[in-house]
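What follows is a set of notes on a single structure, which appears directly below.
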Amino acid sequence: MITVRISFEKKNEASYISLLDMQRVMQRVLKRSGLPVWHTLGFNPHIYMTFACPLSLGQESECECVDVKTEAEAPDFAQWQTALNAIMPAGIRVTRVAPVEMKADRIAYACYRVSYPAQFAEQLERYNALDTAPVEKKSKRGKKVVELKTYVPRLEVEHDGEQVHFDLCLPAAQELTLNPALLTAFLEENCGAAAANANILRTCFLTAEKQLFA
C-alpha cells in the first residue's frame, strides 16, 4: 500500500473553510473522482486521510497537504491531479500529487507572508522600535506568555504597489506552534495596524534543519 500526499493551495473564499469542513470536502472530492483510495474497515468505512498542521480560519495557504493511501500498484499521479482539480471547489487547487517523502512530524517551522494596505507601513515599522513584544498564547494546556521578539526580532517591511508585506518563519512543532494571528493582534493593540486589514498567506513548511518539507 502506498501513502500518497496531495498538496494543494487554499485561497480566497476557500480560506473560510474550517478543518472539519475541509475533511468533508476532501472525502466528497475523492469519492467523486473515482480514484483508487483506501477506505478504513468496520461498520462505517471512510477514506483514510491525515492533514498536516491545520490552517486557521481566514488564512490562506500555498502548501496545504493531505495524505491518503492507495492499493494501486502504479498510480498515475498526473492523472490524479487532473481528476481532482476538475471537481475541486473554488479557491482550492491541487499543486502536486506524489508518494510521501517526509512524515508530517518532520515539520518544525511554517513560513508566512503577511500583507497590509500600504497606508499601514508606518504602524508596522513601530514594531521594530519596541524592546519587547509579549503575547498570551492559549492552548489545551492553559495560557502562557510568549515573547514574540524571540521569534520575530524585527519586521522587514517591503513595499509592493498598494500593499506592504513582511515574511515570517514561526515554530510549528508539537512542542510549540505560533499562529501569525498572535503577531497581527499585537500589531493592532500596540502599533495601530488593524488586524482585519492583514492578509496571512502560509507559503511553506520547513524541517528542523530548515529543509523544505515535501
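So the sequence shown is numbered by the numbering used here: it starts at 19 and just counts up by one. In this text, a Cβ means the ideal position worked out from N, Cα and C, and glycines have one as well.
Would you grab the beta carbon distance between Leu-173 and Asn-146 for me? Rounded to a whole angstrom, and I think it's under 8 Å. Position 155 of the sequence shown holds residue 173. Position 128 of the sequence shown holds residue 146. Separation of the CB atoms of Leu-173 and Asn-146 is rounded to 6 Å, and the pair is thereby assigned contact status at 8 Å.
Quick check: the Cα distance between Ala-199 and Glu-206, rounded to an integer number of angstroms? Translated into positions along the sequence shown, residue 199 becomes position 181. Translated into positions along the sequence shown, residue 206 becomes position 188. If I take the Cα positions, the gap works out to 10 Å.
Buried or exposed (CB count within 10 angstroms, at least 16 for buried), Gln-99: For the purposes of this step, residue 99 is taken as the residue at position 81 of the sequence shown. Burial call: buried.
Using the three-state DSSP reduction, which class does Glu-180 fall into: helix, strand or coil? Here the question's residue 180 lines up with position 162 in the sequence shown. The DSSP-derived three-state label of Glu-180 is coil.
With the cut-off set at 9 Å, would you say Val-118 and Val-22 are in Cβ contact? In the sequence shown, counting from the first residue as 1, residue 118 sits at position 100. In the sequence shown, counting from the first residue as 1, residue 22 sits at position 4. Yes, they are a contact pair.
Contact under 9 Å by Cβ, Ile-218 with Thr-195: Within the sequence shown, numbered from 1, the residue matching residue 218 stands at position 200. Within the sequence shown, numbered from 1, the residue matching residue 195 stands at position 177. Taking 9 Å as the cut-off, the beta carbon of Ile-218 is found no closer than this to the beta carbon of Thr-195.
Span of the alpha helix (DSSP H) around Phe-204: As a working mapping, residue 204 is identified with position 186 in the sequence shown. For Phe-204, the enclosing alpha helix (DSSP H) begins and ends at 198-209.
Neighbourhood of Val-84 by C-beta, 6 Å cutoff - its chain only, sequence neighbours within 5 removed: In the sequence shown, counting from the first residue as 1, residue 84 sits at position 66. Around Val-84: Ile-24, Met-44, Met-67, Phe-69.
Please identify the residue among Met-19, Ile-20, Pro-72, Phe-61 whose C-alpha is closest to the C-alpha of Phe-26. What you label residue 26 is simply residue 8 of the sequence shown in a count that begins at 1. Shortest Cα-Cα distance from Phe-26 to any of Met-19, Ile-20, Pro-72, Phe-61 involves Pro-72.
What residues in its chain sit with their C-beta under 7 Å from that of Lys-227, if we drop five residues either side in the sequence? Here residue 227 refers to the residue found at position 209 when the sequence shown is read from its first residue. Position check: residue 227 holds Glu in this sequence, whereas Lys was assumed. So no residue of the chain qualifies.
Alpha carbon to alpha carbon, how far is His-64 from Ala-128? Start at 1 with the first residue of the sequence shown, and residue 64 comes out as number 46. Start at 1 with the first residue of the sequence shown, and residue 128 comes out as number 110. One C-alpha to the other measures close to 30 Å.
Given Lys-167 as reference, the closest of Glu-180, Ser-157, Pro-152, Pro-93 once Cα atoms are compared: On the sequence shown, residue 167 is found 149 positions in, with the first residue counted as 1. Per the Cα distances, Pro-152.
Is the beta carbon of Cys-187 sitting closer than 9 Å to the one on Leu-142? Residue 187 sits at position 169 when you count from the first residue of the sequence shown. Residue 142 sits at position 124 when you count from the first residue of the sequence shown. For Cys-187 and Leu-142, no; Cβs fall outside 9 Å.
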